[in-house]
Amino acid sequence: MLLSSLFLLPAAVLAQTYTEHLHLSPLAQTSHLLAAFNFTSTTPLPAYESGHFTHFPRSLAQILQHTKTRELHLRFAWGRWDDEQWGPRPRMGRREGGTGVEIWAWLDQDHGGDVEERWSGLVNGLSGLFCASLNFIDSTRTTHPVLSFDPEGTHADGVTGQELLHGTLPHEVVCTENLTPFLKLLPCKGKAGISSLLDGHKVFDANWQTMSIDVRPICPAGGNGGGECVLEIQQTVDVVLDVERSMRARGDPIPRPRPIEELECDGGKGYGGGDTCYPKVKEGEMGWSLSRIFGTPVRGSCHLGDGHADADITLEVPLDRMVNVTNAQPLDAGNEQGIRSYRLPNHPPGQYTDLALPQQSVTQAVVQPQPPLYATRTITGSGQQHGGMHAHLRNPHPYAQTITYFESLPWFLRPYIHTLRVRNSETHENVKLEKMFYTPAKDRERGTHLELMFTVSAGGEVELSYDFEKAVLRYTEYPPDANRGFDVAPAVIRVLPNDNNTGDGGRQGSYIRTTSLLLPLPTPDFSMPYNVIILTSTVIALGFGSIFNLLTRRFVLAEEVPASKLALRVKAIVGVAQDVVGRLKGTKAVEMGGDAVGSGKGDGMGNGAG
Amino acid sequence: MRVMKEKEIKQTREEQTNQPALINGHAHGPRVSVLASACAFTCQREHVKELQSRILSLASAFSGHVPVASCGADASDAIFVLPLGEPCGHRVVVVWLVLLAAWRNAEAHYHDRSVGSLGRNFRPSTLKQATTSAGQNPSTAAGNTGMDEANGNKAAVADIQSSAAGTAKPEPPSESQSLLRTRRWIVLSFWAIVVCFGLPHWLWTTSTYRASLPLEQMNNWAEGKACQLYFPFNIRLGVQGWSQGEVDQLAEQVRPLLDGTDKQSPFAFLIDTHESDCGYAQADEAVAVSLAVNDGRNAHEHISSLESWSSTLSLRYGLARPKGRDGLARWVADEVREVFQPQIESLIHLLSGTPFALERTALTTAATQAKLDARNTRAFKYASTYHLTFSLFVSGSSPAAWEIEEALHDYLEPLIDALKAISNITVDTQVQLHASFSPSIACPVYDKSSKEWKLRKEDLSGFINAAEWPLSPSIGSGPTINFVLYAPTPTQSPLVIAETGGSSWLVPQWGGVAILNSQTHTTRLSKADLEPTMLTFADQLTSLIGLPAEPAQSLALRLKALSRERATSLILSSSSTLGALSRLTLKLTSIAIPDTVAASVQTSLDHLTLACSDLKAGRYESALTHARTADEASEKAFFEPSMVGQVYFPDEHKVAVYVPLLGPMAVPLVMIGLKELVKFRDARRKVKTG
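Keeping their order, the protein sequence lines are chains A and B. The first sequence maps to residues 3 to 612 in our numbering. The second sequence maps to residues 67 to 756 in our numbering.
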């Protein structure tokens with residue numbers, strides 16, 4: 003695949019360069035399209051260190067300088083890559099992150115100050131820059147992996163004196179507010195060139211998307227004197243778009259039945275009565291174009307006059323597929339791999355470029371390559387206290403592959419390492435662990451770090467499982483949506499390079515990430531503290547009251563209880579009131595009597611006297 | 067007879083009330099027996115004895131009739147096996163027994179009262195029973211004399227009759243004094259626990275920590291009492307070719323002329339005539355006056371000149387002028403005054419309206435005041451570090467690069483190096499393409515007559531597109547000063563301000579903006595293209611830092627004046643911060659004051675004192691350093707996060723938490739307390755009247 007070749011170091015490192023590139027490849031047998039954007043700019047290291055930034059974003063550079071970060075890898079990802087359908091991941095999974103946010107960086111150790119403190123400064127700074135909750139990456143979500151990551155840049159004295167820190171935030175929802183600052187870091191800011199295609203509505207409507215930022219120093223080969231060292235920033239956006247869904251009418255996002263005239267009916271059915279429409283089975287590949295999928299064609303170009311003439315857009319479709327190009331210069335009509343490349347015209351103000359592929363039946367069969375490994379991970383078990391983790395790895399290739407398996411678990415998931423089993427799922431034999439790094443969790447201080455290295459035999463399947471215990475959190479540690487569950491970061495699997503799959507992988511190998519998991523924890527009744535306060539207070543008050551009364555009260559017979567003054571007074575008032583009421587009633591009765599029987603006055607008086 | 071009566075009554079009560087046997091008719095009260103064996107297991111015999119004696123003394127203290135049997139459970143009312151876990155837990159035992167005795171006491175009195183009141187409480191049926199039982203059981207009274215019996219019966223009958231005849235409510239029997247005393251002790255001890263232990267504990271656990279602050283000193287500073295500001299200007303006078311004596315003589319003549327008539331003025335000129343080691347002014351010298359007297363016949367010229375990079379005032383005086391030598395002293399004094407007059411005015415302006423204000427100094431003119439106000443509103447507040455950001459915003463995509471490093475090096479770095487004496491300055495640059503106008507402003511209009519695009523003056527303040535242009539402040543302490551060079555598209559060039567025709571302006575306390583109207587359309591701006599812009603930025607930088615405009619010829623003198631002003635303003639701001647903190651702590655009594663605040667306040671006060679003494683001695687550099695430390699410390703104390711972020715508990719919340727616990731406990735305590743008080747008062751009255 004072409005994308006894997008993008009990793010080769012540039013042959014001639016130019017001091018101040020900017021390139022951008024869009025790779026489009028329909029995913030075989032599905033109606034999905036992979037669009038992989040790449041924006042790379044370099045700046046000479048001395049200029050960076052003295053604070054003169056041209057294409058390198060100043061806001062990011064200042065954070066990196068302030069925290070003495072040598073190499074940075076930041077990922078925002080959402081969705082699930084469908085290995086079975088879509089094949090191997092783009093860029094060998096190396097520009098991909100676990101669900102949510104993932105960050106790892108090499109920080110200088112020898113500059114005084116605590117590395118942890120500068121790491122916290124880094125994630126806080128990036129949090130502000132990208133409008134993401136990266137500041138929640140604290141010590142409990144930070145690990146120090148050993149096997150899974152190697153630096154990509156050239157470091158003069160290796161990575162001695164530098165510390166690798168890795169943090170994950172699986173709960174983070176990546177959205178438009180993260181894309182906007184991402185685009186602002188680009189020299190053309192999404193206003194010209196291929197970045198003008200990036201629109202939050204389309205990117206986050208995708209089935210799978212990942213954004214990455216990678217900063218690394220590159221020195222030309224040949225050691226000292228070979229040329230100037232540069233700092234490279236690579237920004238990528240990879241999206242898998244559902245072609246049909248993306249091309250639906252923009253002004254009418256609600257799915258509605260189409261008018262009868264627009265329906266493509268299959269009239270060949272013998273049992274059709276003319277009043278029904280049997281949908282016609284579509285033949286061949288679906289037609290699409292850039293402007294219909296992204297809602298807009300490419301606006302202008304972002305060539306910054308640094309002299310290079312690389313392709314801006316590459317298209318990986320069978321060679322017999324028709325492509326209508328508007329306003330772009332084809333560089334290569336199709337090489338042996340079936341990749342066509344195009345370059346946008348230089349500085350055409352207000353000019354638009356588009357690629358359109360009509361619907362066409364293609365005879366050339368597309369061979370879907372196999373991904374390096376299939377991996378799934380699930381949580382097993384039931385109940386509030388215990389659970390288990392189960393990962394299933396399958397090697398589809400006819401050669402053995404050595405992999406590292408990295409898990410960073412939150413502290414409230416306490417694995418029992420004695421139950422860790424790595425077995426071949428067919429023969430049930432234990433797989434020999436070549437290396438294992440384990441840092442146990444400390445409550446509220448750090449999470450578990452588990453790294454394993456073992457070999458999956460040719461065509462073999464490996465099951466990895468262990469049991470764990472769920473911790474009970476403190477009352478205030480629960481998030482507002484405690485019953486949703488707690489996210490567990492994906493496992494990172496690195497397939498180490500070997501003789502059979504090196505290809506362009508170099509020393510990095512390829513990466514696969516499992517999906518993130520949702521761990522339900524026992525949640526308390528959140529009104530509990532108030533109940534406890536009230537209940538305890540009542541019990542204490544009851545006990546105190548009865549003892550105190552027993553000690554100080556005098557017990558007398560009920561008849562002897564002296565009438566309290568208050569009661570007497572109340573009684574007196576009641577008596578007075580009754581008296582008044584009685585009197586009022588009396589006069590009323592008298593008045594009424596007087597009114598009713600005017601002549602009976604004498605009787606009344608007589609009664610009264612009697 | 068007595069025994070018999072008791073038995074009768076016992077019978078009666080048992081029949082009448084069906085009272086359980088808990089209360090039995092011992093007139094002498096209940097007995098408490100201690101299973102001495104329990105104690106004997108764990109301790110020596112003498113301990114048992116000690117225990118007995120203690121119980122006895124306690125019992126007698128309680129009431130006269132709680133005898134304690136040390137052995138033999140038969141006579142006792144109850145056996146209490148006490149948990150003597152620790153060897154000889156006497157105290158535990160004693161406390162237990164006190165409680166038990168009190169309990170028993172209460173029971174005994176209940177019983178006593180029932181016995182005593184029976185006489186008046188008999189109902190006719192009871193009476194009948196009582197008399198019959200008395201008559202039917204003469205044998206029980208065998209040991210008594212008939213007289214007694216008859217008397218007793220008579221008395222009983224008389225009682226009954228009187229009670230049956232009377233309609234008054236029965237009253238409880240009076241309590242013995244010892245009982246009343248005991249109850250009073252109990253109530254008192256409960257109240258003592260509540261007052262001596264409960265309340266202090268409650269207050270202690272709910273109070274906030276407040277470190278003591280030197281409030282008086284803080285207020286003294288805020289009110290300007292702690293330091294009388296005084297600004298001496300040290301002047302070194304040197305005359306070429308004159309002897310020391312002549313120079314001293316001239317200095318004597320100049321000094322009164324400089325000081326003027328006002329002896330109380332806070333501005334003083336000190337003239338030093340000693341030769342300095344080097345030709346330049348020393349650090350604490352305000353100015354070095356280098357005078358050359360030309361006694362030539364045709365020497366008419368009076369020339370004063372300032373040097374840009376040193377604070378030296380060069381004077382050339384020709385003696386051929388009419389006034390000749392007599393006018394020399396006055397002329398020198400006038401020249402020196404002229405140099406310092408703007409500074410004095412600016413310091414007076416700075417101090418006006420503060421508690422440090424100088425009363426006797428003459429007010430400056432309105433025009434000068436307006437000028438000084440404008441200067442102060444433009445300038446940034448003093449900071450120990452300023453970040454300068456130079457940004458090239460390009461409307462299209464070209465030019466995409468600029469030779470900023472070289473341009474900065476040639477045109478700005480000399481100035482920045484000079485300013486570093488006062489503050490640290492960091493520099494960074496950036497290029498931003500596709501920068502669009504802010505949507506809030508009207509787009510420029512093309513003026514056909516001058517062939518220029520005009521930008522309205524009202525739109526200058528909204529020219530910066532804050533939402534889209536990445537002009538975020540730099541990381542680290544200190545403000546960021548932005549310099550924006552805007553390159554419009556070739557189609558919209560030249561772009562000028564409509565009213566003035568200028569192409570650069572200053573945004574107060576934010577930075578400077580310049581528009582690049584270059585005729586050549588290159589992709590890379592050269593150093594030469596940037597020169598006019600860089601010079602504009604340099605001028606804007608001096609205004610934004612707050613450098614005084616005069617004397618225009620000498621940057622060194624302007625910098626010295628700035629350090630003097632900054633030291634003064636920092637002392638003022640630190641003092642007012644301390645005053646505000648002192649008022650705040652007095653006003654918000656619930657705010658916590660951690661020890662760090664007290665420490666910062668102390669640091670601030672110490673450095674303020676040092677700054678004040680340095681200022682008086684004319685050591686302005688050192689005064690600035692101390693004033694900076696003092697200001698930082700006082701700001702740190704004022705904005706202490708643990709003080710600001712106090713948790714607020716509304717009163718309803720407190721009530722909801724405390725009432726369920728304290729309500730049921732406080733009500734009986736208070737009621738009984740009041741009752742006892744009333745009783746106590748009544749008893750006192752009785753004693754007095756009786």
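Beta carbons: idealized from backbone N, C-alpha and C, even for Gly.
I believe D334(A) touches R342(A) by the beta-carbon criterion, under 8 Å. Please report the beta-carbon distance rounded to the nearest angstrom. For this step, residue 334(A) is matched to residue 332 along the first sequence. For this step, residue 342(A) is matched to residue 340 along the first sequence. The C-beta separation of D334(A) from R342(A) comes to about 6 Å, placing the pair in contact by the 8 Å criterion.
Helix, strand or coil, according to DSSP, for A467(B) in the structure here? Counted from its first residue, the second sequence places residue 467(B) at position 401. Strand at A467(B).
Tell me, which residues are paired with K520(B) by DSSP? Position 454 of the second sequence holds residue 520(B). For K520(B), which the question treats as bridged, DSSP gives the partners V511(B), V562(B).
Hey, which unbroken runs of the alpha helix (DSSP H) at 4 residues or more fall wholly within the segment 294-354 of chain A? Counting only runs of 4+ residues, no alpha helix (DSSP H) is found wholly inside the segment 294-354 of chain A.
Does any residue of chain B have a CB that is nearer than 9 Å to the CB of S539(A)? Locating residue 539(A) in the first sequence gives position 537, counting from the first residue. Cβ-Cβ to chain B under 9 Å: yes for S539(A).
Spatial neighbours of G155(B) within its chain, please: C-beta separation below 7 Å, excluding the five flanking residues on both sides. Taking the first residue of the second sequence as 1, we reach residue 155(B) at position 89. Any reading at G155(B) must be qualified, since the residue scores a pLDDT of 49, below 50, and its modelled position is unreliable; no value is offered.
Starting from A107(A), find everything on chain B with Cβ-Cβ shorter than 7 Å and list it in chain order. Within the first sequence, numbered from 1, the residue matching residue 107(A) stands at position 105. Here the premise fails: no neighbours, minimum Cβ distance about 16 Å.
Within 10 Å of its beta-carbon, does I563(B) have 16 or more other beta-carbons around it, so buried, or fewer, so exposed? Counted from its first residue, the second sequence places residue 563(B) at position 497. Buried.
Using a C-beta to C-beta distance shorter than 9 Å, which residues of chain B count as neighbours of G307(A)? Position 305 of the first sequence, counted from the first residue, corresponds to residue 307(A). Taking a Cβ-Cβ cut-off of 9 Å, the neighbours of G307(A) in chain B comprise S463, S464, P465, A466, A467, T589, R590, given in sequence order.
Are the C-beta of L735(B) and some C-beta of chain A separated by less than 9 Å? Sequence index remark: in the second sequence, residue 735(B) carries index 669 (1-based). The beta carbon of L735(B) sits closer than 9 Å to some beta carbon of chain A.
How is V736(B) classed by DSSP in three states: helix, strand or coil? Within the second sequence, the letter at position 670 stands for residue 736(B). Reduced to three states, the DSSP call for V736(B) is helix.
Please state whether the Cβ-Cβ distance between P46(A) and L233(A) is less than 9 Å. Translated into positions along the first sequence, residue 46(A) becomes position 44. Translated into positions along the first sequence, residue 233(A) becomes position 231. Yes, they are a contact pair.
Pairwise C-alpha distance: W88(A) and L29(A): Residue 29(A) sits at position 27 when you count from the first residue of the first sequence. Residue 88(A) sits at position 86 when you count from the first residue of the first sequence. Straight-line spacing of the CA atoms in L29(A) and W88(A) works out to 6 Å.
Kindly confirm or deny that the segment 610-620 of chain B and the segment 671-680 of chain B touch, where touching means at least three C-beta pairs closer than 8 Å. Counting Cβ pairs under 8 Å, fewer than three are found: no touch.
Consider the Cβ of K573(A): report whether some Cβ of chain B lies at a distance smaller than 9 Å. Sequence index remark: in the first sequence, residue 573(A) carries index 571 (1-based). It does not; no Cβ of chain B falls within 9 Å.
Segments of 4+ residues assigned as alpha helix (DSSP H) that fall wholly inside the segment 156-219 of chain A: DSSP runs (the alpha helix (DSSP H)) wholly in the segment 156-219 of chain A: 178-186, 202-205.
Is T450(A) near L411(A), with beta carbons less than 9 Å apart? Counting from 1 along the first sequence, the entry for residue 450(A) is found at position 448. Counting from 1 along the first sequence, the entry for residue 411(A) is found at position 409. Yes, the pair counts as a contact, with Cβ atoms nearer than the cut-off.
Would W535(B) pass as a contact of L561(B) if the rule is Cβ separation under 9 Å? Residue numbering aside, residue 535(B) sits at position 469 when the second sequence is read from its first letter. Residue numbering aside, residue 561(B) sits at position 495 when the second sequence is read from its first letter. Not closer than 9 Å, so no.
Interface flag, A37(A) vs chain B, CB-CB below 9 Å: Indexing the first sequence from 1 puts residue 37(A) at position 35. Answer no: the Cβ-Cβ gap between A37(A) and chain B never drops below 9 Å.
Sufficient close CB pairs (3 or more, under 8 Å) joining the segment 266-275 of chain A to the segment 170-183 of chain A: Verdict: no, contact absent.
Quick check on S540(B) - is its C-beta less than 9 Å from some C-beta in chain A? Walking along the second sequence from the start, residue 540(B) turns up at place 474. At a cut-off of 9 Å between beta-carbon atoms, S540(B) makes contact with chain A.
May I ask you to report which of helix, strand or coil DSSP gives Q372(A)? As a working note, residue 372(A) is residue 370 in the first sequence. Three-state DSSP puts Q372(A) in coil, outside helix and strand.
How is P598(B) classed by DSSP in three states: helix, strand or coil? Residue 598(B) sits at position 532 when you count from the first residue of the second sequence. In this structure, P598(B) counts as helix in the three-state DSSP scheme.
Could you check what DSSP says for P12(A) in three-state terms: helix, strand or coil? Within the first sequence, residue 12(A) is the residue found at index 10, counting from 1. Residue placement at P12(A) is flagged as unreliable, the pLDDT there being 42, under the threshold of 50; a coordinate-derived value is accordingly withheld.
Whole-Å CB distance - S670(B) paired with L644(B), under 8 Å assumed: Mapped onto the second sequence, residue 670(B) falls at position 604. Mapped onto the second sequence, residue 644(B) falls at position 578. 6 Å between Cβ atoms; contact.
Going straight from the alpha carbon of P371(A) to that of G461(A), what length do you get? Here residue 371(A) refers to the residue found at position 369 of the first sequence. Here residue 461(A) refers to the residue found at position 459 of the first sequence. For P371(A) and G461(A), the gap between their C-alpha atoms comes out near 15 Å.
On the DSSP bridge list, what partners appear for V103(A)? Indexing the first sequence from 1 puts residue 103(A) at position 101. Residue pairing from DSSP places V103(A) in a beta bridge opposite F78(A), L171(A).
For a contact defined as C-beta to C-beta under 7 Å, what are the partners of K191(A) on chain B? The residue you call residue 191(A) lines up with position 189 of the first sequence. What K191(A) touches in chain B, judged by beta-carbon distance under 7 Å, is H500, going in chain order.
Give a yes or no on whether 9 Å exceeds the smallest Cβ distance from L652(B) to chain A. Start at 1 with the first residue of the second sequence, and residue 652(B) comes out as number 586. No, L652(B) does not count as interfacial toward chain A.
Taking 9 Å as the CB-CB limit, is Q558(B) close to chain A? In the second sequence, residue 558(B) corresponds to position 492, counting from 1. Interface residue (Cβ-Cβ distance to chain A less than 9 Å): Q558(B) is not classified as such.
Would you mind listing the beta strand (DSSP E) stretches within the segment 569-623 of chain B that are 3+ residues and don't spill past its ends, in chain order? For the segment 569-623 of chain B, whole beta strand (DSSP E) runs of length 3 or above, ordered along the chain, are 570-573, 577-581.
Between which two residues does the beta strand (DSSP E) carrying P531(A) extend? Translated into positions along the first sequence, residue 531(A) becomes position 529. First-last for P531(A): 530-554, but that is the alpha helix (DSSP H), not the beta strand (DSSP E).
Between the Cα of N397(A) and the Cα atoms of Y354(A), I495(A), S303(A), Q64(A), which residue gives the shortest distance? Within the first sequence, the letter at position 395 stands for residue 397(A). Relative to N397(A), the option among Y354(A), I495(A), S303(A), Q64(A) whose CA is nearest is I495(A).
Evaluate G684(B) with the Cβ neighbour count: other Cβ atoms within 10 Å of its Cβ, from every protein chain shown; 16 or more gives buried, anything less gives exposed. Counting from 1 along the second sequence, the entry for residue 684(B) is found at position 618. Buried is the call here.
Should the segment 658-668 of chain B be called in touch with the segment 277-284 of chain B, which here means at least 3 C-beta pairs below 8 Å? Counting C-beta pairs with one atom in each stretch, the segment 658-668 of chain B and the segment 277-284 of chain B have three or more that are closer than 8 Å, which means they touch.
Would a check of beta-carbon distances place L628(B) closer than 9 Å to chain A? By 1-based counting over the second sequence, the position of residue 628(B) is 562. Answer no: the Cβ-Cβ gap between L628(B) and chain A never drops below 9 Å.
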